[in-house]
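Protein chains in written order, with full-length UniProt numbering: chain L, 1 to 259; chain X, 1 to 322.
Since the structure comes first, as structure tokens, the remarks are kept for the end.
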Amino acid sequence: MIRVNERVLLCLSLTAAEPWPENATLYQPLKGEGFFSSSCSLYHLQTYLRMCGLPVQVVCRPNAEYMSPSGKIPFIHVGNQVVSELGPIVQFSKAKGHSLSDGLDDVQRAEMKAYMELVNNMLLTAELFIQWCDETTVSQITRHRYGTPYSWPLNLILAYQKQWEVRRKMNAVGWGGKTVDQVYEDVSQCCQALSQRLGTQPYFFKIPTELDALVFGHLFTILTTQLTNTELLERVRSYSNLLSFCRRIEQTYFESKDS
Amino acid sequence: MAAPDELFCWEGDWGLPSVSTDCLVVLAYAQFAGAPLKVRKICNPWRSPSGSLPAFRTSQKETLSRTSDIIIHLRKQKFNADYDLSAKEGADSLAFISLMDEKLKPALIYTFWIEPKNYVDVTRRWFAEHMPFPLNFFLPGRMQSQQLEKLRLLQGDERLEAGEELEKELYRDATECLNLLSQRLGSQKFFFGDSPSSLDAYVFGHLAPILRCKLPNGKLQQHLKSLDNLANFCSNILLLYFPRDGRDGCSQKSPPQPDAGDFDNVPSKRRKQLLSAVVALGAMLGYALLTGIVSIQHVQQEALEEPPDLEDMGSHEEEGDG
Numbered sequence: 001m002i003r004v005n006e007r008v009l010l011c012l013s014l015t016a017a018e019p020w021p022e023n024a025t026l027y028q029p030l031k032g033e034g035f036f037s038s039s040c041s042l043y044h045l046q047t048y049l050r051m052c053g054l055p056v057q058v059v060c061r062p063n064a065e066y067m068s069p070s071g072k073i074p075f076i077h078v079g080n081q082v083v084s085e086l087g088p089i090v091q092f093s094k095a096k097g098h099s100l101s102d103g104l105d106d107v108q109r110a111e112m113k114a115y116m117e118l119v120n121n122m123l124l125t126a127e128l129f130i131q132w133c134d135e136t137t138v139s140q141i142t143r144h145r146y147g148t149p150y151s152w153p154l155n156l157i158l159a160y161q162k163q164w165e166v167r168r169k170m171n172a173v174g175w176g177g178k179t180v181d182q183v184y185e186d187v188s189q190c191c192q193a194l195s196q197r198l199g200t201q202p203y204f205f206k207i208p209t210e211l212d213a214l215v216f217g218h219l220f221t222i223l224t225t226q227l228t229n230t231e232l233l234e235r236v237r238s239y240s241n242l243l244s245f246c247r248r249i250e251q252t253y254f255e256s257k258d259s
Numbered sequence: 001m002a003a004p005d006e007l008f009c010w011e012g013d014w015g016l017p018s019v020s021t022d023c024l025v026v027l028a029y030a031q032f033a034g035a036p037l038k039v040r041k042i043c044n045p046w047r048s049p050s051g052s053l054p055a056f057r058t059s060q061k062e063t064l065s066r067t068s069d070i071i072i073h074l075r076k077q078k079f080n081a082d083y084d085l086s087a088k089e090g091a092d093s094l095a096f097i098s099l100m101d102e103k104l105k106p107a108l109i110y111t112f113w114i115e116p117k118n119y120v121d122v123t124r125r126w127f128a129e130h131m132p133f134p135l136n137f138f139l140p141g142r143m144q145s146q147q148l149e150k151l152r153l154l155q156g157d158e159r160l161e162a163g164e165e166l167e168k169e170l171y172r173d174a175t176e177c178l179n180l181l182s183q184r185l186g187s188q189k190f191f192f193g194d195s196p197s198s199l200d201a202y203v204f205g206h207l208a209p210i211l212r213c214k215l216p217n218g219k220l221q222q223h224l225k226s227l228d229n230l231a232n233f234c235s236n237i238l239l240l241y242f243p244r245d246g247r248d249g250c251s252q253k254s255p256p257q258p259d260a261g262d263f264d265n266v267p268s269k270r271r272k273q274l275l276s277a278v279v280a281l282g283a284m285l286g287y288a289l290l291t292g293i294v295s296i297q298h299v300q301q302e303a304l305e306e307p308p309d310l311e312d313m314g315s316h317e318e319e320g321d322g
């Protein structure tokens, strides 16, 4: 899911010495436009950067997807560089000397990576599925939200193109034949695993890590996005420790700093 | 339970019970859980009930083809290898299975199906040799294009092709995944203590083909071999749960292997020779008929039509005379 391209790595090694500039900018599409995936990665990234203590300014542009060097959102503009996608951005901040997972031992780091892939593998795919493969959601919400910034024929064409692409992807990962109920079941399974792992701790490991930022990004988006029914919301809500985890991160990293 | 559950999977080689990762996962899980399955090792995906391998036919004649579905079905039948795991360990298994799906699987697809030398020398050759006659010409190629398509969609790159850059990227993810697995396993016998669970089945299924298959481009194999605990983990499972295949592998590694293979294949070879002779004969006959070198119908028609012609001509002559 997350790809680090060579060029970015090259940039990283060249600029590792420079400190994080004050005027870093994070570009994202208009609120609610790409809905699930873009707002997940946006919250993930913002949380991550705030956990690192790196200041960033958020700018909304309807054509953010086409401004990004790799065509993926979100991307950040730091000093004289543009870095896109979550993986490279995390690498980039690491190269600048900001890392969250340094305090973990090898086994913990392995577990952290594994849980991050669990979220990418199940929650992200489930979100895409519900957003693009559930007929009622597609016709009532997704197509409209995705096409908003464009004028008439283009909005439909782009929405259908995206839907076609997502369906092919679902077939490739073996989710093609699933029903919506099965997908909800998968979401429950994933939340169950996360909830078990979290237990009564404030964070997944003893310090805030990338995993916390990622889980918060996804759960917070699910909790705050309105869908045609509340099934997905209810599934997540039934895990009380995940709910309080989200509230805690929101209070620590968003409310106190926004005020 | 009237009829036992049946599992259709790819044949084994290289000392493995099966060559396909998904089949290995199911086989290993069934062994760990002690599920009595009727295993049918075949090399013709068209003979499986779902048209792909692995396929699982339950006693109610239902067909399952996804690995996770098969394992869930076995679990419902009280064959549960994860019975002793705590909830947290269950969560960890799920996480590491996802890790392999995301990081190791693309590299596996690449090594076996996309890397040109490996594909031509090993994968295509193996499937072409083992599949029955007409299928072996087109199925391996079709399987490859399916895998390429899958990799493209997984990586989100429509124009992805085999090459240094892609290989580097995939192998970096894969070696990272292998390192993480090795760190998690540590010095334990299995991932969660002394008895194997579904995570062990998944890890075994993904690693064993890399470890045992001799590929011309074996970078992943080299890396895996350097991680002693993972390499030992795979050989241990082979030794404990698939003793017969493990021994086959050892005997096949010795020089007389090709001869033994030939002897085994004699009946099917005869059949192939006969079939090709029939097809060649048919083609030649068809060509001859089409171009008119041999024309049976024509001759018969002329033979039938000739007498009336003669009569007609005769009558014409009579009229002319008259």
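C-beta atoms are modelled at their ideal positions from N, C-alpha and C, and glycine is treated no differently.
None of these values were measured; they are calculated from a predicted model.
By the Cβ criterion, the stretch 99-116 of chain X is in contact with the stretch 163-174 of chain X, since at least three pairs of Cβ atoms, one from each stretch, lie closer than 8 Å. According to DSSP, L/SER84 shares a beta bridge with L/PHE75. In the DSSP assignment, L/GLU111 falls within the alpha helix (DSSP H) that extends over 106-118. The beta carbon of X/LEU160 lies closer than 7 Å to those of LEU151, ARG152, LEU166 in the same chain, with the five residues before and after it left out.
When the five nearest sequence neighbours on each side are left out, the beta carbons in the same chain lying within less than 7 Å of the beta carbon of X/PHE133 are those of LYS272, LEU275, in order along the chain. X/ARG244 sits exposed, since fewer than 16 C-beta atoms from the chains shown fall within 10 Å of its C-beta. Within its own chain, the residues whose Cβ lies closer than 7 Å to the Cβ of X/HIS130, once the five positions on either side in sequence are excluded, are GLU11, CYS43, listed in chain order.
Rounded to the nearest whole angstrom, the CA to CA distance from X/ASP101 to L/ASN121 is 8 Å. In the DSSP secondary-structure assignment, X/PHE112 is not bridged to any residue.
DSSP, reduced to helix, strand and coil, places X/ARG57 within a strand of the structure shown. Within chain X, the residues LEU94, ALA95, SER98 have their CB atoms less than 7 Å from the CB of L/LEU118, given in chain order. Per the C-alpha coordinates, the member of X/SER226, X/PHE96, X/PRO106, X/ALA174 positioned closest to X/ALA201 is X/PHE96.
Residue pairing by DSSP places X/LYS38 opposite X/GLU6 in a beta bridge. In the displayed model, L/LEU26 falls within a strand according to three-state DSSP.
Rounded to the nearest whole angstrom, the CA to CA distance from X/SER182 to L/GLN161 is 41 Å. Proximity of X/LEU285 to chain L, defined by a Cβ-Cβ separation below 7 Å, is not satisfied. Boundaries of the alpha helix (DSSP H) around L/GLN182: 180-198.
With a threshold of 7 Å between beta carbons, L/ALA193 makes contact with chain X. Closest by C-alpha distance to X/ASN136, out of X/TRP46, X/SER65, X/ILE70, X/LYS189, is X/TRP46. With 16 or more neighbouring CB atoms inside 10 Å of its own CB, X/ASN80 falls in the buried class.
Assigned with DSSP and collapsed to three states, X/LEU220 falls in helix. Closest in alpha carbon position to X/LEU104, among X/GLN147, X/LYS38, X/LEU178, is X/LEU178. Secondary structure of X/GLN77 (DSSP, three-state): coil. With at least 16 other beta carbons inside 10 angstroms of its own, L/TYR43 counts as buried.
Contiguous beta strand (DSSP E) elements confined to the stretch 134-220 of chain X do not occur, taking only those with 3 or more residues. Proximity of chain X to L/ALA114 at the Cβ level (cut-off 8 Å) is accounted for by ASP92, ALA95, PHE96, SER98, LEU99, LEU180, ARG184, in chain order. For L/GLN131, the enclosing alpha helix (DSSP H) begins and ends at 125-132. At least one beta carbon of chain L lies nearer than 7 Å to the beta carbon of X/LEU153. L/THR225 carries a coil assignment under DSSP once its states are collapsed to helix, strand and coil. The stretch 192-203 of chain L and the stretch 82-90 of chain X touch, with no fewer than 3 CB-CB distances between them shorter than 8 Å. Taking each of L/LEU124, L/PHE129, L/GLN108, L/GLN28 in turn and checking the Cα distance to L/VAL83, the smallest one comes out for L/GLN28. Proximity to X/ALA28 across X/LEU289, X/VAL278, X/PHE242 peaks at X/PHE242, based on C-alpha coordinates. Restricting attention to X/GLN155, X/LEU16, X/LEU7, X/VAL294, the CA atom closest to the CA of X/LEU211 is found in X/LEU16. Taking 8 Å as the Cβ-Cβ cut-off, the stretch 152-170 of chain L approaches chain X at ARG168, LYS169, given in chain order. Just measuring C-alpha positions, the residue of L/ARG61, L/ARG248, L/GLN57, L/PRO21 sitting nearest L/THR148 is L/ARG61. At a cut-off of 7 Å between beta carbons, L/ASP106 contacts chain X.
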